[in-house]
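All remarks here apply to the structure that follows.
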DNA sequence: GTCAAAATTTGAACCGATCCAACGAAAGTG
DNA sequence: CACTTTCGTTGGATCGGTTCAAATTTTGAC
């Protein structure tokens, strides 16, 4: 009886109901887009026809073409999609981006992909008005792709020495890293270890300063420069500071600490390039009965909320994530072509994971 | 010199470069869509023209209309957008949804809005192939809206006694809640308090069984039924069990506990309808020096990862969130019209927040 | 050198709407 | 009653591509 099996076929267009209602498609369109300008009787007739034929309202696909604007911004990363919900930094950033979008009524499309080919396609075919690009790992490729699309886009946290023509919002990684290192040197630490974000395309393991200098992702580079600038300043021989490259997950961080603490001269302070790494490090240290900050101090980078409630709470460099998100959205939506790069200040927040060097 | 100020105007279409390259638009289209079938010389010529004119590749807006498929699924909720990144349950669910999407190459569009009018518009104009609807709070309206769009959609965690014609994936809330309550009764508890999810449209405060029976969101209803079924079974007078309605945030949960523990007969066990509430409750109890589980036991609902690392770790009813996400995506993408409602089993996971009743 | 088969290219139709100039009818004016 | 407004409606143009049958060119065989 009821038209319930109409799930398969749905070729019911605006034109169909216009015909059914005996009006032109122009009028039918107006019924939905500007109901006030069509006579009530006609309006009701068209609506009735729509109802009867199971019309779900004007298809946005059609409208889109004419309107030009999608009213959604794409957020892209080279990580799998679940990165947006798994990674603490991404989550906070996304929360602030989404708040900014909410305020302006824009939607959010998550753009990403496991493999590179898929990623290119996804970016090329994303229905968005612009992109916000998360530049962790594989950032330059992503930026390249986004730029090819010829849409407004902002890179989050991009390369200090990369192409100046791309809009970017980031923090001063060098200054932040220096701040972190100085905090530790002032506490008397002289034996350090560094946990870095991914530099090469994949994998983790011990690495060198030279390797990091070639990192794909400049934040990694800059943070190391910042660390080492400060360490050198107080006379630490940076060539002997172990650097371990991780992929920002528990496994690689733990492997890193296994490696670092297997050495003859164990560090009293660990500089981690992300809070996520630092938090995993805290776990590892606890499990190995190494007191924090008694035996070893840990300083992170990012300022994610988890750091405030970890055991112990994490000393870290906090980025103005909310501000970055807001600015990024603004840059896309109000894109006047003029926007360029913007560097925001970071802040050292001292909590309980750092203390005076032992002995 | 370089064409860098072309940011403002971009009226360069496929037809333009076709003309420039001296080929038909059909051929120009092929150059991008099926490069293999066009002669190399022509292909290069067209590509060169595209490059020269700053063409960013075929605009998906145009392709979309013909293709019909957007290749993205919309995830909708009546909460603000940031809900997806703030709420623990939503996050886990989204992570599993995004994994499923990644596997199939589909994108994700976040659909939401602060106010109701905006929400309706957003749903009507979302460029997606289907919706996954988060039914917390305001679920029925959302379902209504989604259904009007005449696209495949699945409700997550919908009403047991709601319209049978809407596809839904959920858990057996009654059974789960019973399980939680039975765990506590078996530990000897007889004095309970219940923290509920939002029932009425807004606000929080003490409520009654009758109120909850009228809850907009059926999970709330069912969970209470499950709790009370078990409590009644062992002879607890459920009419005297305090029920406090929260809005699932810290403030309202704390207010709830203030209220509950201000009463003459304080509970030895708290049944919380979400882990989020349970975790906030744990915080409140710790701050009030009430031992968990020594003085008071707490049992949550959902099974979010935070529960495993809380202080103490949370006893809870875990939902098969990953499975639900996978099924939901599958239901949308492989929509054959046949899909209907599916109820998944839950599981009691006993951790350290529950113990024998004191005395 | 001729002719059929294979490889390319063309141009029109179409996807589903919105927009707008022009038009007809009803209402208002002198 | 002729004439200007106002209101509502119409139908064609347009958004930016893809697709496909038909036309054209190239290639291969004899």
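Protein chains in written order, with the working numbering: chain A, 552 to 910; chain B, 552 to 910. Ideal Cβ positions, reconstructed from N, Cα and C, are used throughout, including at glycine.
For residue i, would you say it is in contact with chain B, using Cβ-to-Cβ distances shorter than 8 Å as the test?
i              : result
residue 565(A) : no
residue 652(A) : yes
residue 776(A) : no
residue 699(A) : yes
residue 863(A) : no
residue 552(A) : Residue confidence is low: residue 552(A) scores 35 on pLDDT, short of 50, so the model does not pin down where it sits. Its coordinate-derived value is still stated next. Not one chain B Cβ lies under 8 Å of residue 552(A).
For chain A, is any of its Cβ atoms less than 8 Å away from the one on residue i?
i              : result
residue 837(B) : no
residue 718(B) : no
residue 645(B) : yes
residue 562(B) : no
residue 635(B) : yes
residue 854(B) : no
residue 659(B) : yes
residue 642(B) : yes
residue 612(B) : yes
residue 825(B) : no
residue 607(B) : yes
residue 649(B) : yes
From residue i to residue j, what distance separates their C-alpha atoms?
i              : j              : result
residue 787(A) : residue 754(B) : 58 Å
residue 652(B) : residue 735(A) : 44 Å
residue 656(A) : residue 667(B) : 12 Å
residue 792(B) : residue 641(B) : 29 Å
residue 738(A) : residue 636(A) : 36 Å
residue 743(A) : residue 768(A) : 23 Å
residue 850(B) : residue 747(B) : 12 Å
residue 871(B) : residue 897(B) : 7 Å
residue 790(A) : residue 724(A) : 21 Å
residue 894(B) : residue 684(B) : 16 Å
residue 813(A) : residue 759(A) : 17 Å
residue 658(B) : residue 673(A) : 8 Å
residue 695(A) : residue 799(B) : 42 Å
residue 588(A) : residue 563(A) : 24 Å
residue 570(B) : residue 677(A) : 26 Å
residue 832(A) : residue 864(B) : 21 Å
residue 554(A) : residue 599(A) : For residue 554(A), the predicted structure reports a pLDDT of 40, less than 50, and the residue's modelled location is therefore unreliable. The matter cannot be settled from this model.
residue 708(B) : residue 761(B) : 22 Å
Among the options, whose alpha-carbon lies nearest the alpha-carbon of residue i?
i              : options                        : result
residue 622(A) : 660(B), 832(B), 698(B)         : 660(B)
residue 686(A) : 656(A), 766(A), 679(A)         : 766(A)
residue 856(A) : 638(A), 566(A), 845(A)         : 638(A)
residue 877(A) : 860(A), 721(A), 843(A), 568(A) : 721(A)
residue 842(A) : 907(A), 895(A), 756(A)         : 907(A)
residue 702(B) : 716(B), 693(B), 679(B)         : 679(B)
residue 675(A) : 894(B), 808(B), 613(B)         : 613(B)
residue 854(B) : 866(B), 822(B), 582(B)         : 866(B)
residue 733(B) : 704(B), 782(B), 798(B), 894(B) : 782(B)
residue 837(A) : 823(A), 824(A), 808(A), 813(A) : 808(A)
residue 778(B) : 821(B), 817(B), 900(B), 628(B) : 821(B)
residue 845(A) : 785(A), 579(A), 740(A), 875(A) : 740(A)
residue 881(B) : 718(B), 596(B), 610(B), 817(B) : 718(B)
residue 730(B) : 626(B), 824(B), 677(B)         : 824(B)
residue 629(A) : 794(A), 563(A), 749(A)         : 749(A)
residue 764(B) : 757(B), 618(B), 776(B)         : 776(B)
residue 662(B) : 590(B), 625(B), 634(B)         : 625(B)
residue 900(A) : 886(A), 826(A), 879(A), 883(A) : 826(A)
residue 669(B) : 631(B), 797(B), 602(B)         : 631(B)
If you follow the beta strand (DSSP E) that residue i is in, where does it begin and where does it stop?
i              : result
residue 746(B) : 743 to 747
residue 721(A) : 719 to 722
residue 848(A) : 848 to 850
residue 796(A) : 794 to 796
residue 898(A) : 898 to 900
residue 756(B) : 756 to 758
residue 771(A) : Run containing residue 771(A): none in the beta strand (DSSP E); it sits in the alpha helix (DSSP H), 769 to 784.
residue 823(A) : 820 to 823
residue 706(A) : 704 to 707
Taking the alpha helix (DSSP H) that residue i belongs to, which residues open and close that run?
i              : result
residue 894(A) : No alpha helix (DSSP H) contains residue 894(A), which is instead part of the beta strand (DSSP E) from 892 to 895.
residue 804(B) : 801 to 813
residue 578(A) : 576 to 584
residue 880(B) : 872 to 884
Residue ranges of each beta strand (DSSP E) within the stretch 616 to 700 of chain A, 3 or longer: 623 to 627, 658 to 662, 682 to 685
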